[in-house]
Structures are given as structure tokens and as C-alpha cells.
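**Student:** Quick one: structure below, then a few questions.
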Amino acid sequence: MAVEDISWDLSPLVRGEDDTGADRLLDEAAARAAAFAEQHAGRIAGLDGPAFAAAISELQAISELAARAGNYAMLRFSIDTADPALGALLQRVQEKGTAIETKLLFVELEWAALDDDHAEQLMAADGLDTARHFLRSARRYRPHLLSEPEERILTEKAISANAAWSRLFSEQVSAIAVPLPGEDEPVTLDAALARLMSADRDERRTAAEAVTEALRPGLRTRAFVFNTLLHDKAVDDRLRSYPHWLAARNLSNEASDESVQALLQAVRGRYEIARRWYRLKAELLGLERLADYDRMAAVTADEEPVEWEEAKDLVLDTYAAFTPELGDAARAFFDERRIDAPPRPAKRGGAFCAYTVPSEHPYLMLNYTARRRDVLVLAHEMGHGLHAELARPRGVFEQHTPLTLAETASVFGETLVFARLLEQAPTPQSRLSLLAESIEGSIATVFRQTAMNGFEEAVHTARREEGELAVERLGELWARSQEEMLGDSVEITPGYRSWWSYVPHFVSTPGYVYAYAYGQLLALAIYQRYVDVGESFVPSYLELLRAGGSRSPEELGAMVGIDLADPGFWDGGLALVETQLEDAEAAARDALARR
7 MAVEDISWDL SPLVRGEDDT GADRLLDEAA ARAAAFAEQH AGRIAGLDGP
57 AFAAAISELQ AISELAARAG NYAMLRFSID TADPALGALL QRVQEKGTAI
107 ETKLLFVELE WAALDDDHAE QLMAADGLDT ARHFLRSARR YRPHLLSEPE
157 ERILTEKAIS ANAAWSRLFS EQVSAIAVPL PGEDEPVTLD AALARLMSAD
207 RDERRTAAEA VTEALRPGLR TRAFVFNTLL HDKAVDDRLR SYPHWLAARN
257 LSNEASDESV QALLQAVRGR YEIARRWYRL KAELLGLERL ADYDRMAAVT
307 ADEEPVEWEE AKDLVLDTYA AFTPELGDAA RAFFDERRID APPRPAKRGG
357 AFCAYTVPSE HPYLMLNYTA RRRDVLVLAH EMGHGLHAEL ARPRGVFEQH
407 TPLTLAETAS VFGETLVFAR LLEQAPTPQS RLSLLAESIE GSIATVFRQT
457 AMNGFEEAVH TARREEGELA VERLGELWAR SQEEMLGDSV EITPGYRSWW
507 SYVPHFVSTP GYVYAYAYGQ LLALAIYQRY VDVGESFVPS YLELLRAGGS
557 RSPEELGAMV GIDLADPGFW DGGLALVETQ LEDAEAAARD ALARR
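In this text, residue positions in the sequence shown follow my numbering: the first is 7, and each later residue adds one.
What follows is the structure in C-alpha cells.
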């Protein structure tokens, strides 16, 4: 099949119905939520163990119903953000979901209000095997919760406040179309950015200039949206007594402020790894110095398009070689139409995995353009999907891991496929190309995401101290964060100052990006364990995936022999990245010697 034919079937989420199925699910959830509130509001403290377990079981069931509808609407909207009917569906589902959430707010507040001994007694009850870690984690928010009337107001207003601004940003970015030479119609932003991997510098420069021009018309609107959400975050942090802008994210990630700062400082202390590669890459490309649009350039001209069926076979064969269990689970994504792959106008950019709900299966969204990098993206998202699939028995409260471990299976799977590609490389040139992509992937995930965290730190701080930030100020802070990473190895061009404005995480999930660095370094360490231990590693890895978010990050790491509490852990992970660099350097020196 051609990639254009790869679209998903979302009907299982609404039990074979159409959009009206989402409304029916929400109506059922609303009725059950009302009955639940009638029975339990104000009475959580008086429940005995069995009654508490039964209440949590019903809460899980209600959450699943609402999440089915929510995921269906989100996935429908993600592939055509310009369709007013899909926008209306998403809004309707969000409004109904918010009403259900508001009705059930009392559970979180009453649970947090219990004293520790009482809470521990309830958590010891039978029937809570898929909720204990969730319940224990929820109590960590006790210092940051407001009164029930205040929480109700914030929840009801969210859909017309930060959620609405986030949707506007998403629609604005998805609507960006980039005119390029040789194209009859403007292309999507993702397709234009893919040109930055071209071996032709003129093509890269032209694509970068075209992207900058395409970002210009809505730039002030996106800056206003960003400013609004920066202030909204500041207000939320003040109301909830979070000491700094990243504190809420760290709490959600089950990571201490100290451990996160140790990670960020360790990475910033090794920015020279990225600079070394970019200086060598300039030499490979025959340039005195790279410009920002050269960073992802192909170092050889040997790359051939990788058609969809070839990518599919490679990914399936690689996962099956690791263990047939993952190979079979991966094949089901294709056989059961749980992937939407082709780029389309108004389709959301990038790629993601939606866990959906434990009673159904996860879905993958891609923008596949037949580049080798897209093969690794498929492997990456499939890793997320397999993590979600194996963790389904953990239930709606514990299927998801914290963000810090969310990239573990994805990067591990991507590394498996990369190793297979490297084994099959037919020439020194193709080997160099692959090794270059590998180190550049780590630079993008570890160093660039850390630099992006630096940008977030700067803008959240500046917004709180200076007030609304002008487009020019945002561009200045963006350029500064990139220059801190790149030093003198890469020129930041004036046009690049607006490129912060299409990054969704800054708007939708503040503080998210350091989790990429965390996850990449953790996954590389886990992969090294696999290399060292061999086949006997596989059962413990599968156990890690099946655990989902049912344990703390430290406990999950220990399952595969990783000590996340070791202060030197990050240095060890960065040493693995430096090994990637040394392999790429050796291949580059060999290529230069052959000239």
C-alpha cells in the first residue's frame, strides 16, 4: 500500500458508531458521574476499604467513557484542523467532559484531605491493584489544592481560557502553508522543514527563508497567545503556591527539583559535544561555519526515498527480532488500521501516539515523507504504541508513565531500528550518513531540548518580571537560548528568531521539553544494558513496559538495572552520547580522507 492509503479507523473508540457515539458515551458518563456524586460527595472519609475500592472502580469506568469520546474527537480533529464540524465536535466533547470532571472534583479534594494513616488503611483494601500508585501520587498535590468552589470555577473556566488559547495556537500553526520553488501548491510546514535535510544548501536556505516568511503573517497573534498562557501559568502557580514555573511539571513527573536541575546542569555542561559535531559537519559540507538551516543537512547525497511498505517491513522485522511479542503487537497497528500516515493540508504537524483508553488500543499519527528519518519516527512512535499496548492492564489511572519515562520505549525502539539500518549500510558513505543522523538525533533530543527548556525558563521569568513580551523580545530570548548551546559553531540567522512560534509544547504543556532529554539518556542507558546483557534482558524490559505508571520512576528504572537516584547517572548517559559522536567523527574523518 502507498502511504496515501494509510488512514486510521477510529470507530472502535465509539463502539462502531459515528460522531453521535461520542455524545452517547459522554451522556452515559455524565449520568454515572451524577449518580456517583449523589452517593459519595462529602462521604469519602466515611467509606470502609471495600466501599472505597468499589468507588474507585466506578470512577475508573466513568473516566474511561469520557476518555473514549475525548480521544475520538481529538484524533478526528488532528488530521483536519480546518474542518469546522470537527472543531465543533472537539469543543462539544471538551465542554461535556469538563462538566463531568467538575462533578467529580470532590473525590480528589476529599482524598487529599484524609490524614496519612487513614489513607494508607484505605489503600490496603483489595481491588485497588490498578490504582494504588495513582492514589498515593495524588496526595502529593495536597499543598497546592484550593477549596472545592475555587477548584470548580477554575475547571469550568479552563475550557474557555487556557484550553481555548491552546486550540487557537494549534489551528494557527496547522494552517501554515509554505510556498516552495517547484511546487504547484504551498506545502505543509512539516514538508517544508523536511527540506532542511537536503544535501543542497541553496534548497535548504530557500526552504528556511520560505518558512520564515510563512511564519510572519500570524506571528503577532501567536505571540499574544503565548503571552496570555504565560500569564495564565503565573496566576495558576501563584494561586496554588508553586515556588517556581517548573515546580508543577516536576511534581507531575514525580521528579524532585534537585534531580531535574542536576540533569539540566549536566547537559549544559556538555554542550561542547554538539559544537564539536557542528564544526566537523561544516568541514564535511565544505563550509567555514554552519548556519541554522544547515544543522540537519544530509552529509552525503546517497539517501534514497524509503517507501511506506519498506519502512513498515523494517520496523516490524526489527521489533520481532527483539521479541516476537512486540513484533506481533506492532503488526496489529497496521492490520487494524491504527495509523494515520500521510501529510495533508491542515493536518497537525509532527507525530504522536495516543494511548486512548485501556479497553481499546493506541493509535499513531505520522507525517510520513519517505525520508530515512521518517522510518526512525515510525519506529519511535511504535515504541510509544507498544508501551501503551503492554500497559493496558494497568487501567486508566496507571497506564501512562510520567513524562520523564514516556520516551523510554520510543527511543529504545528507534535505537533498535537504527542499529538494524547501520548493519545493512552497504557503503562507507551510507554508514556516515546514518551515524550523522544518530548523533544529530541525540543532539536534537538531549541538547536542543535542554536549550528549549532554557528558553522556557527565560520567557516565564521575563513575563513575570517585565509584563507582556513583544515579538522582538521573544525572538531575542529564543536566539540567546540557541546561542548558549551552539556557541560559535552555528550562525543564528535573523529569520530564525521567529521559529519558536510553531513549537506546540511551549503552549500546550509548559515545562515538557526536559523530559525528552531525561528520556533519551535513560533509554540509551537501557539500550546499553541490553547490549551488555543480551537476550536475558528482554523479560525485564517487557516487565517495565507492562508496569506503565504503576510505580515511581526510580522503581521502574530499577526493574531494568538502572539507578536513577545515582547523581552520576546523567554523566553516564552523556558519555554514551559522546560515544555516538566519536563513532560519527571516525566515519567523517574516513570520508574526508577519501576525498
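Cβ coordinates follow ideal geometry from the N, Cα and C atoms, glycine included.
Computed from a predicted model, the values in this text were never measured in an experiment.
1) Where does the unbroken alpha helix (DSSP H) through M129 begin, and where does it stop?
2) Do you know whose CA, among E215, M203 and A253, lies nearest P187's CA?
3) Report buried or exposed for E443, applying the criterion of at least 16 other Cβ atoms within 10 angstroms of its Cβ.
4) Less than 7 Å between C-beta atoms, sequence neighbours within five positions excluded: which residues of the same chain meet that for E489?
5) Between the Cα of W251 and the Cα atoms of E462, A51, L16 and V519, which residue gives the shortest distance?
6) Give me the DSSP bridge partner(s) of L65.
7) For L112, which of helix, strand or coil comes out of DSSP?
8) How far does the alpha helix (DSSP H) with A327 in it reach, from first residue to last?
9) As a quick exercise: from R98, A229, A198 and R173, pick the residue whose alpha carbon is nearest that of T87.
10) Check whether the segment 163-181 and the segment 322-331 touch, using three or more Cβ-Cβ pairs below 8 Å as the test.
11) What residues are listed by DSSP as bridge partners for I345?
12) Less than 6 Å between C-beta atoms, sequence neighbours within five positions excluded: which residues of the same chain meet that for C359?
13) When you compare each of R600, Q534 and A571 to T585 by their alpha carbons, which one comes out closest?
14) Secondary structure at T194, three-state DSSP: helix, strand or coil?
15) Ends of the beta strand (DSSP E) at F358?
16) Decide if the segment 474-489 is in contact with the segment 258-273; the criterion is three or more beta carbon pairs, one per stretch, under 8 Å apart.
17) Let me make sure I understand the geometry here. Which of G401, S416, R377 and L409 has the alpha-carbon closest to that of H393?
18) Take every Cβ of the segment 499-512, pair it with every Cβ of the segment 238-245, and state whether three or more of those distances are shorter than 8 Å.
19) Would you call the segment 56-73 in contact with the segment 346-359, where contact means no fewer than 3 C-beta pairs closer than 8 Å?
20) If A94 and E114 are in contact, beta carbons under 8 Å, what's the gap, nearest whole angstrom?
21) Would you call the segment 514-522 in contact with the segment 312-329, where contact means no fewer than 3 C-beta pairs closer than 8 Å?
22) Suppose contacts are defined by Cβ-Cβ distances below 9 Å. Is L438 in contact with A220 by that definition?
23) List, from N- to C-terminal side, the alpha helix (DSSP H) runs of 4 residues or more that fit wholly inside the segment 222-250.
24) Quick one: grab the DSSP three-state call for A476.
25) What does a CB cutoff of less than 6 Å around T194 pick up in its chain, not counting 5 residues either side in sequence?
26) Taking the alpha helix (DSSP H) that S514 falls in, what are its first and last residues?
27) Rounded to a whole number of angstroms, what is the C-alpha to C-alpha distance between R98 and H466?
28) Tell me where the alpha helix (DSSP H) around M388 begins and ends.
29) Judging by CA-CA distance, which residue of R600, G563 and T456 is the nearest neighbour of L580?
30) Are the segment 371-383 and the segment 405-416 touching by the rule of at least three beta carbon pairs closer than 8 Å?
31) Rounded to whole angstroms, what is the Cα-Cα separation between V20 and S13?
**Tutor:** With the structure as the only source:
1) Residues D122 to M129.
2) For P187, the nearest C-alpha among the options comes from E215.
3) Per the 10 Å Cβ criterion, buried.
4) Scanning its chain for C-beta atoms nearer than 7 Å, with the 5 sequence neighbours on each side dropped, one finds around E489 the residues I498, in chain order.
5) Closest in alpha carbon position to W251, among E462, A51, L16 and V519, is E462.
6) Paired residue(s): none; L65 is not in a bridge.
7) In the sequence as presented, Leu is not what sits at residue 112; that position holds Phe. Three-state DSSP puts F112 in a helix.
8) Counting along the chain, A327 sits inside the alpha helix (DSSP H) bounded by residues W314 to F328.
9) Of the listed residues, the one whose Cα sits closest to T87 is R173.
10) Not touching, per the Cβ criterion.
11) BP columns for I345 point to L370.
12) Counting only Cβ-Cβ distances below 6 Å, and skipping sequence neighbours, we find P368, L370, E387, H390 and G391.
13) It is Q534.
14) T194: strand per DSSP, three-state reduction.
15) Per DSSP, the unbroken beta strand (DSSP E) holding F358 starts and ends at F358 to A360.
16) Short answer: they don't touch.
17) In terms of CA proximity to H393, S416 leads the group G401, S416, R377 and L409.
18) When C-beta atoms of the segment 499-512 are compared with those of the segment 238-245, fewer than three pairs fall below 8 Å, so the two segments do not count as touching.
19) Counting C-beta pairs with one atom in each stretch, the segment 56-73 and the segment 346-359 have fewer than three that are closer than 8 Å, which means they do not touch.
20) Wrong, their Cβ atoms sit about 30 Å apart, outside the cutoff.
21) Three or more Cβ pairs closer than 8 Å define a contact, and the segment 514-522 falls short of that threshold against the segment 312-329.
22) Result no, Cβ atoms of L438 and A220 do not sit closer than 9 Å.
23) Within the segment 222-250, the complete alpha helix (DSSP H) runs of at least 4 residues are 225-245.
24) In the three-state scheme derived from DSSP, where H, G and I count as helix and E and B as strand, A476 is classed as coil.
25) So the list reads P349, once near-sequence residues are dropped.
26) Unbroken alpha helix (DSSP H) run through S514: P510 to S514.
27) Approximately 31 Å between the Cα atoms of the pair.
28) Looking at the DSSP string, the run of the alpha helix (DSSP H) that includes M388 is R378 to L396.
29) Selected option, being the one with the closest Cα: T456.
30) No, they do not touch.
31) Computed Cα separation, rounded: 17 Å.
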